[in-house]
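In numbering that gives the first Met the number 0, the protein residues as written are 0 to 253.
Data first, discussion second: the structure below is written as structure tokens.
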Amino acid sequence: MVRNVNRATGVNPFALCRCADMGDTPVNPADLADSMQRIERFVDDVCSSGIVPLFVGGDHLSTLPVMRAISKHVGPLGMVHIDAHTDTWDSYFDGQKYTHGTPFRRAIEEGILDPNRTVQIGIRGALYADGDDCWGRDQGIRVIDFDEYKRLGVEQVLRETRARVGSQATYVSFDIDVLDPAYAPGTGTPEIGGMTTYEAQCLVRGLEGITCVGADVVEVSPPFDTSGNTALAAATLMFEILCVAAGTVSKANS
Numbered sequence: 000m001v002r003n004v005n006r007a008t009g010v011n012p013f014a015l016c017r018c019a020d021m022g023d024t025p026v027n028p029a030d031l032a033d034s035m036q037r038i039e040r041f042v043d044d045v046c047s048s049g050i051v052p053l054f055v056g057g058d059h060l061s062t063l064p065v066m067r068a069i070s071k072h073v074g075p076l077g078m079v080h081i082d083a084h085t086d087t088w089d090s091y092f093d094g095q096k097y098t099h100g101t102p103f104r105r106a107i108e109e110g111i112l113d114p115n116r117t118v119q120i121g122i123r124g125a126l127y128a129d130g131d132d133c134w135g136r137d138q139g140i141r142v143i144d145f146d147e148y149k150r151l152g153v154e155q156v157l158r159e160t161r162a163r164v165g166s167q168a169t170y171v172s173f174d175i176d177v178l179d180p181a182y183a184p185g186t187g188t189p190e191i192g193g194m195t196t197y198e199a200q201c202l203v204r205g206l207e208g209i210t211c212v213g214a215d216v217v218e219v220s221p222p223f224d225t226s227g228n229t230a231l232a233a234a235t236l237m238f239e240i241l242c243v244a245a246g247t248v249s250k251a252n253s
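Rendered as structure tokens:
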């Protein structure tokens, strides 16, 4: 159901650059730390070959080793983070530092993510405690929750986002739970009151022109959605991001 040419933008990513499915990253199902090391080594090899990687997967923690590897080649990253949650908590599950809710706090602490070039879009849902959202803002992240997104409109949000990340190396991380669960119930932490699939497509398309050095679509769990709608949404949004990334590669090679 995902074809070659983006009808809305006219982009054919497969004509702009060579695209390939490189298969699964290696993981160790019994050891989280070892899995992260394996993912980082795999991505490091990919980047060493001059490839701009686009990943799809589950737990948002998997983004951290990907960013670690990419940053070795391009330095600290800016980020466009599209998600229902900020994922900047310090710990989860009784003190665990490496979970789906902590990757970007760890990335900032490690110096691989520049908070002043980071925009988080679509944040919503209840919090565990007062101040849960404060840490990222205090570091300099621009957090645009979904209520503000609706007030500003997509064009204003995109103008601010492009100005924020500038022309430097930028990572795009798309958590499928930014979509309302009416469109994507196949995820671990659904939040009502979210984006439509069309809103998400318009937002991603508007990132054209940024320097995309890597990207992902995460928190996708097809077994949670027997209709197949979540998988279709994820695959289609991967294609939208691929169109943006292909523009970066084509510009670099021209």
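The C-beta atom is built at its ideal place from N, Cα and C for all residues, glycine as well.
For Thr-235, the enclosing alpha helix (DSSP H) starts and ends at 228 to 252. Assignment of Met-78 by DSSP, reduced to helix, strand and coil, places it in the strand class.
Under DSSP, Thr-169 takes part in a beta bridge, and its partners are Gly-77, Cys-211.
In this structure the stretch 77 to 88 lies against the stretch 153 to 170, because at least three pairs of beta carbons, one per stretch, are closer than 8 angstroms. When the five nearest sequence neighbours on each side are left out, the beta carbons in the same chain lying within less than 7 angstroms of the beta carbon of Asn-3 are those of Asn-11, Phe-13, in order along the chain. Per DSSP, Gly-121 is one residue of the beta strand (DSSP E) stretching across 112 to 122. The C-beta distance from Leu-60 to Ala-106 rounds to 11 angstroms, too long to meet the 8 angstroms contact threshold. Here Ile-38 carries a helix assignment [DSSP, helix/strand/coil].
Taking the Cα of Thr-117 as reference, the smallest distance to any Cα among Met-237, Glu-147, Leu-151, Glu-159 is reached at Glu-159.
Linking Thr-87 to Ser-226 through their CA atoms gives a straight-line distance of about 32 angstroms.
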